[in-house]
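Have a look at the structure below, then the notes.
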Ligand SMILES: [Ca+2]
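Residue numbers (the working numbering): 880 to 1130.
The structure is reproduced here in structure tokens:
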């Protein structure tokens, strides 16, 4: 019995020592782990503090570029809202010369005695009628400009000026041109520039666009999104040959 008691006593002492050493390990390892964590997290803020510095530099650079490239447009505070309507419909316009050619027996080129080949029947540009997507080149919806017209070179293109009769806040301008679908050497203009003016004398360029072309449909619309005001809209287009146009809309 004495031996058994001694054995039990030794076992208890051993167990106590084992438990004590375990708890020491736990308590000692925990501080190490937690001391490592703050060290790591203290590095993280250092990294993130660098990132805002870089992005703020970029922001400064890009805003400087915007200022230098865009001189800014002074809006007319009295301009009317279009409320999504096409305010060009029914309005009058002036334009450069439509092409005159004399027929098969006349050499290719401008012929001042010939009739206009593809005439402007009755304010074609603002009558609200856009050529159908399957319209042929001789459809009455079209009027035909050509780079060989005598006033093309001096104006650096064919031009149209529409008088909206009031100054409007304009957000979308579209010129409906004819695509290569029409054949006979007709193609969409290579460039269409839109300009606006309050008085018809001092112009502000809204920007230039290349018409969206699809050779399976007749229409090649040139649309520009904008945020300007103006009573007059001027359109100048460059074309490799013929430039057919059926409508202009301003919203
Ligand atoms: Ca029309």
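Where a beta carbon is used, it is the ideal one built from N, C-alpha and C, also for glycine.
Scanning its chain for C-beta atoms nearer than 7 angstroms, with the 5 sequence neighbours on each side dropped, one finds around residue 1062 the residues 1016, in chain order. Assigned with DSSP and collapsed to three states, residue 952 falls in coil, not helix or strand. Set against 7 angstroms, the gap from the CB of residue 1039 to the closest heavy atom of ligand 1 is not smaller. For the beta strand (DSSP E) assignment, the uninterrupted runs of no fewer than 3 residues enclosed by the region 985-1032 are, from N- to C-terminal side, 1022-1025. Nearest to residue 1056 by alpha-carbon distance, out of 1032, 1067, 1019, 1028, is 1067. A direct Cα-Cα distance of roughly 15 angstroms separates residue 1009 from residue 1090.
Only residues of its own chain outside the window of five on either side were considered, and among them 977, 1022 have a CB closer than 7 angstroms to the CB of residue 999, listed in chain order.
The nearest non-hydrogen atom of ligand 1 is 7 angstroms or more from the C-beta of residue 1058.
Exclusion of the five residues before and after residue 1012 leaves 1096, 1097, 1098 as the residues of its chain whose Cβ lies within less than 7 angstroms of its Cβ. A Cβ-Cβ separation of about 5 angstroms places residue 1116 in contact with residue 1071 under the 8 angstroms criterion.
Excluding residues up to 5 positions away in sequence, nothing lies with its Cβ nearer than 8 angstroms to the Cβ of residue 1080 in the same chain. Between residue 1005 and residue 972, the gap from beta carbon to beta carbon is short of 8 angstroms. Contact between residue 1047 and residue 958 holds, since their C-beta atoms are separated by about 6 angstroms, short of 8 angstroms. Distances from the CA of residue 1049 to each of 1102, 1002, 980 were compared; the closest alpha carbon is that of 1102. Residue 1049 carries a strand assignment under DSSP once its states are collapsed to helix, strand and coil. Here residue 1064 has 1120, 1121 as same chain residues with Cβ atoms under 8 angstroms from its own Cβ, once five neighbours each way along the sequence are excluded. Under DSSP, no beta-bridge partner is assigned to residue 978. Of 1037, 1060, 960, 1045, the smallest CA-CA separation from residue 1054 is found for 1037. Cβ-Cβ separation between residue 1118 and residue 1024: approximately 7 angstroms, consistent with a contact (criterion under 8 angstroms). Taking non-hydrogen atoms of ligand 1 into account, the C-beta of residue 1009 is found less than 7 angstroms away from one of them. Comparing C-alpha distances from residue 1113 to each of 1078, 1034, 980, 1039 shows the shortest one belongs to 1039.
Ligand 1 approaches residue 1126 closely enough that one of its heavy atoms is under 7 angstroms from the residue's Cβ. Short of 8 angstroms from the beta carbon of residue 981, and not among the five residues preceding or following it, lie these beta carbons of its own chain, in chain order: 990, 992, 993. Closest in C-alpha terms to residue 1110, from the list 1030, 1018, 1043, 1003, comes 1043.
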